[in-house]
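Working notes for the structure below.
Residue numbers (UniProt numbering), protein chains in the order written: chain A, 1 to 368; chain B, 1 to 361.
Quick look at the structure:
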C-alpha cells in the first residue's frame, strides 16, 4: 500500500518535471494587443498592411492613462505580418485580449473578405466576441487615436459597441463570429459599422456598410442605420422626426422593435414589416396638445413607414439582405437547400414590401 | 428508480459534446440529422427499457454471470473481452478528445502525449476504486458541474446572437431519412444504462423502470441543445467550418457582468470534469469486465488491476503519439458507428438470458 502511494507520488513528480514551463511567461514579458487593423498595403507588391495596437500598462488607472504603441507591417498575409511584428518588439505578443478588429474601408471595397477573415477565425486565441468594424479613412488611423477620456487604450471602441457604454440606435455592433456567420450564411448578409476619425481625437460611428459575401455593396447613412438597427438588434433609444403643417416635433423612442413575416403567393414574395415604437415627445417647434396624441401618432407612423420602405427598397436594389429575409424563406421551405436558395434569388428582386408601424406616444414630455 | 442509476445515464448525456456527437449530427444536418434525433429518443428509450426489465431477473449480477448462464465459457469470455474493449475505447476517445482540446485551448506549448498522460494518472487512480465509490464520485462531479452547464445553456438560448431562422433552415430537412451514423450518434445519449453490466452489482435492489421515461424528454432536450445551439450561433452554412463547434460557440457568448467575460475557460473546465467522470466510469466498467472474464487465479492478484490499466494507458498513449486531430476525430466517429450494433447485441443477449431464466425458474 505504502509502496503504491510512493509510486504514484513519484509518477506525479516525474510528470510535473517534464512540464518545462515554456507555456508560462510573466506579464512583464508580454505585450497585450488590444486592437488590430488591416488596411490595403501602400506598397503595390504587398496585399495587406497589418497594424497592432499594443497597450502599455500604466501604474494607476485614470483618465488619460491610455499609453500605447503602434506597429505596422506590410505583407501578403496577416500571419506573416504578425510574425514579423514579433521581431520588431521586445516582448511576446498576446492576442487573447484583442477586443476590436478594424478593417480599412478601402479593403472592404476591394472585397475578398472571406480570405481576410480566415486568420481571425482559424487562430484559437482570438476572441470570438471581439468587435469588428470598418475604419475610415483607414484602420490604422482609427487605432492611432488617443482620446483623453479613455482609461485604457482602445477602451473607447469597446465601450461604443454593444450598448456597453453609450446607448444609441445609430451604432450597429458586430461580433467577429457573427460577421463570419453572415459571410457564410446564404440569405443573411454581413454588415460592418464604419468608424470615422474626426478632429480632436474623436470618432463617429453612425454609418454602416452592407456587404454581399465578398465586398462592400452599399453604405447606409445615419438615418437608415437606425432602421436597420431596430430590425437587427431591436435597440430603442431612437429618435423620429415628425413633420406637421407648421413645424415638427421629435419622438424619443424608448423601444423600437422591427419584425417581419414573409409570404409567397402566386410566385411572388410579399414581406410584411412591422415596427413597434413606444416613446415620448422630446422636442417640438410648435405647441402640442395632449388631446391630439393619437393624431401625432398617426403622423409619426406615416413617417416611419416612409423611412422603412425607402430603406428596404434601397437594400433590395443593391441585392443585399442584412435582415435575413432569404434565411426566413429557407427556413420555411423544404427540399434541396440549393434549389430553395435559387428560388429565393429569383424571388427577392421582385419582392414587395408592406409596412405596418404602430407608434405609441406616452406623453408630450413635461410640457404640452 | 435509484438516483445513482440516473447519474450514470445523465453523465453519458452531458458528455456527448466531447465525444463527437454534435460533430456527427452537424455534418449530416441537411441529410436527416433532424430525423435521427427524433428517432433516437424512442429507440434509445426502448432498448434502455428492455435492458432494465431484463436485468431485474438478475439482481446484483454482473454481465459475466449473466453470460455464463446463457453460453459456454469459451464463447462468453471472448464476448466479455469484446465489450470490455468497446468500453476501453470509449474512455480512450473521451480522453484523447479532452487532451486535444486542453492542449489547443489551455496550454498550447504542452505536447499532447504529456497532457493525456496527466489525465491518465488521475483517471486510473480513480477508476480502480470500488463501484460504489465511483458512483459517489460522479454524483459530486454532476452536482458541481451541472448547474453551471445549465447556466451556459440557458445563456445560449436567451442570447440575442442565436438565430432561430438558421435552426429552422436545418429543421426543414425533416424529409430526409437519417443515416446509420447519425442514428448511432444520437442514440449515444441514452447509452449510459449499459454501464450497469458492472454497476448492477453495486445496487442492492434491482432498478425499477418506473421513472425511466423521464429520460425521454431530458434526452431530447440534451440532443436538441447540443445540435441546435451551435447552428443558431454559427449559421446553418457556416457551422461545419469548425472542428469543435461547441467550443467555438461557448467562445461566442459574453457574460458582461461575470468575473470573466468569456465563457470559454468556464466551459472547458466544466467539460474537463465531466469527461474525466465519464472516462472513469467507462474504464471502471472495462476493468471489471476483463477481471471477471479472466480466471480468478489471475484476476485476484493485486497486480492485475494495474496490469490492465497499464495496457489501457499504453493504448491511449500510442493513439496520442500516432494520431493527429483528424485521426482522433475519425476514430471517434468510427467508434460511434460501431457502438450502436454492439449495444443492440448486448441488450439482445441480456434479453435472451432473461427470457431463458423465466422458463427455467
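Every residue, glycine too, gets a C-beta built ideally from N, C-alpha and C.
If you run the structure through DSSP and keep just helix, strand and coil, what is residue 175 of chain B? helix
What residues from the stretch 275 to 286 of chain A come within 7 Å of chain D, judged by C-beta to C-beta, listed N to C? Considering every chain present, this structure includes no chain D. Its protein chains are A and B.
Beta-carbon proximity list for residue 162 of chain A, same chain, < 6 Å, skipping 5 on both sides: 173
Output yes if chain B places a C-beta closer than 9 Å to the C-beta of residue 195 of chain A; else output no. no
Supposed contact pair residue 78 of chain A and residue 51 of chain A - C-beta distance, whole angstroms, cut 8 Å: Actually they are not in contact, since the Cβ atoms of residue 51 of chain A and residue 78 of chain A sit about 11 Å apart, beyond 8 Å.
Strictly below 7 Å CB to CB, what residues from chain B border residue 185 of chain A? 166, 235, 236, 237, 238
Quick one: measure Cβ to Cβ for residue 63 of chain B and residue 90 of chain B, integer angstroms, because I've assumed they're closer than 8 Å. 15 Å between Cβ atoms; not a contact.
For residue 252 of chain B and chain A, any beta-carbon pair shorter than 9 Å? Yes, because at least one Cβ of chain A sits closer than 9 Å to the Cβ of residue 252 of chain B.
Give the DSSP-derived three-state secondary structure of residue 355 of chain B in the structure shown. Three-state DSSP puts residue 355 of chain B in a helix.
Consider the Cβ of residue 10 of chain A: report whether some Cβ of chain B lies at a distance smaller than 9 Å. no
Any chance you could list the beta strand (DSSP E) runs of at least 3 consecutive residues sitting entirely within the stretch 75 to 138 of chain A, in chain order? Every beta strand (DSSP E) stretch that sits fully inside the stretch 75 to 138 of chain A and reaches 3 residues is listed by chain position as 92 to 94, 100 to 104, 131 to 136.
May I ask you to report which of helix, strand or coil DSSP gives residue 21 of chain A? Because residue 21 of chain A sits at a pLDDT of 49, beneath the cut-off of 50, its placement in the model cannot be relied upon, and the point is left open.
Within 9 Å, strictly: CB atoms of residue 282 of chain B and residue 101 of chain B: The answer is no: Cβ separation not under 9 Å.
Does any residue of chain A have a CB that is nearer than 9 Å to the CB of residue 121 of chain B? yes
Closest Cα partner of residue 27 of chain A within the set A:104, A:96, A:5: Of the candidates A:104, A:96, A:5, the one whose C-alpha sits nearest the C-alpha of residue 27 of chain A is A:96.
For residue 354 of chain B, which residues of its own chain have a beta-carbon under 6 Å away from its beta-carbon, when the five flanking residues on both sides are left out? 54, 57
I think residue 280 of chain A touches residue 362 of chain A, with their Cβ atoms under 8 Å apart; what is that distance to the nearest whole Å? 5 Å
C-alpha distance - residue 223 of chain A paired with residue 229 of chain A, whole-angstrom precision: 10 Å
Cβ atoms of residue 99 of chain B and residue 122 of chain B: under 9 Å apart, would you say? no
For residue 192 of chain A, the three-state DSSP class (helix, strand or coil): Three-state DSSP puts residue 192 of chain A in a strand.
Can you give the beta carbon distance from residue 7 of chain B to residue 142 of chain B, rounded, assuming they're within the 8 Å contact cut? 6 Å
May I ask you to report which of helix, strand or coil DSSP gives residue 204 of chain A? Looking at residue 204 of chain A - three-state DSSP - the assignment turns out to be strand.
Rounded to whole angstroms, what is the Cα-Cα separation between residue 130 of chain A and residue 298 of chain B? 59 Å
Could you check what DSSP says for residue 239 of chain A in three-state terms: helix, strand or coil? strand
Taking the alpha helix (DSSP H) that residue 356 of chain A belongs to, which residues open and close that run? Where residue 356 of chain A is concerned, there is no enclosing alpha helix (DSSP H), although the beta strand (DSSP E) it sits in stretches over 352 to 361.
Buried or exposed: which applies to residue 75 of chain B, given that a residue is buried once 16 or more other Cβ atoms fall within 10 Å of its Cβ? exposed
In or out: residue 128 of chain A buried (at least 16 other Cβ within 10 Å) or exposed? Counting Cβ neighbours within 10 Å, residue 128 of chain A comes out buried, since at least 16 surround it.
State buried or exposed for residue 200 of chain B, treating a residue as buried only when at least 16 other CB atoms are found within 10 Å of its CB. In summary, residue 200 of chain B is buried, with 16 or more beta-carbon neighbours lying within 10 Å of its beta-carbon over all protein chains present.
How many angstroms separate the CA atom of residue 213 of chain B from the CA atom of residue 15 of chain B? 20 Å
Since residue 102 of chain A contacts residue 35 of chain A with CB under 8 Å, what's their CB separation in whole angstroms? 7 Å
What's the gap between the Cα of residue 295 of chain A and the Cα of residue 274 of chain A? 20 Å
Specify the secondary structure class of residue 5 of chain B as computed by DSSP and reduced to three states. helix
Smallest Cα separation from residue 190 of chain B: which of B:206, B:341, B:40, B:319? B:40
Members of the stretch 315 to 340 of chain B near chain A, C-beta cut-off 7 Å: So the list is empty, because no residue satisfies the distance condition.
I'd like to know whether the C-beta of residue 68 of chain B is nearer than 9 Å to at least one C-beta of chain A. It does not: the Cβ of residue 68 of chain B has no partner Cβ on chain A nearer than 9 Å.
Within the stretch 5 to 30 of chain B, note down every full alpha helix (DSSP H) run reaching 4 residues or more, in order along the chain. 21 to 27
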